[in-house]
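Just so you know, the sequence shown maps onto residues 14 to 149 in the numbering used here.
I have placed the structure first, in the form of structure tokens, so that the comments after it can refer back to it.
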Amino acid sequence: MEHITSTPTGKAPAERFTGDVYLNMIEAPTEPARLAAGLVRFTPGARTNWHTHANGQTLYITDGTGLVGTRDGHVVKVTAGETVKCPAGEEHWHGATENTLMAHIAMVVGDGNGDGTTWLEPVTDEQYAKAQATVA
């Protein structure tokens, strides 16, 4: 058993996120295990870039209200206690609403070469505004 009493909070990399996002890694993928899990906190309006996961991603919302969107325009509004599963290879993004913070535990199973995430371009302000309007 390993008892971890705290994990440091770091600012998420600006090249993968819009706005202020903070990350506490819970588990990093190390062989033979491949689980990566982190507590991610988004300030109002903050969001990920578009991205995919080789083996999918599970998001468990812990606080606030957020959005999860896909390339085909499907957007869901999420709140604490809800779970969203993004299938392998699906281009998606997630983040806070414009007026409320959102936190989630993001879980992915790595592909043997890391966490299996492919980061793409930022979600534009126009795409974000359209997502907000979709769930309003």
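Positions of the beta carbon are idealized from the N, C-alpha and C atoms, including for glycine.
Discussion item. Would Y73 and H117 be called neighbours here (beta carbons separated by less than 7 Å)?
Written reply: yes
Discussion item. Need the endpoints of the alpha helix (DSSP H) that V148 sits in, please.
Written reply: D138 to V148
Worksheet item: Straight-line CA distance for E139 to H66?
Response: 24 Å
Discussion item. Relative to the C-alpha of A149, which candidate in G127, G129, N126 and V89 has its C-alpha closest?
Written reply: V89
Item to complete: Can you give me the Cβ contacts of W132 inside the same chain, cut-off strictly under 6 Å, excluding the 5 residues immediately before and after it?
Response: R29, N62 and H64
Item to complete: Going by CA-CA distance only, name the one from F55, K143, T113 and R47 that's closest to R84.
Response: K143
Worksheet item: Would a C-beta distance cut-off of 7 Å place V34 and A119 closer than the cut-off?
Response: no
Worksheet entry | Pairwise C-alpha distance: N68 and G129 | For G129 and N68, the distance between alpha carbons rounds to 7 Å.
Practice prompt. Could you pull the start and end residues of the beta strand (DSSP E) that L72 belongs to?
Written response: Q70 to T83
Worksheet item: Under the three-state reduction of DSSP, which class applies to H105: helix, strand or coil?
Response: strand
Worksheet item: Considering only residues of the same chain and omitting the five flanking positions on each side of G102, which have a CB-CB separation below 6 Å?
Response: T65
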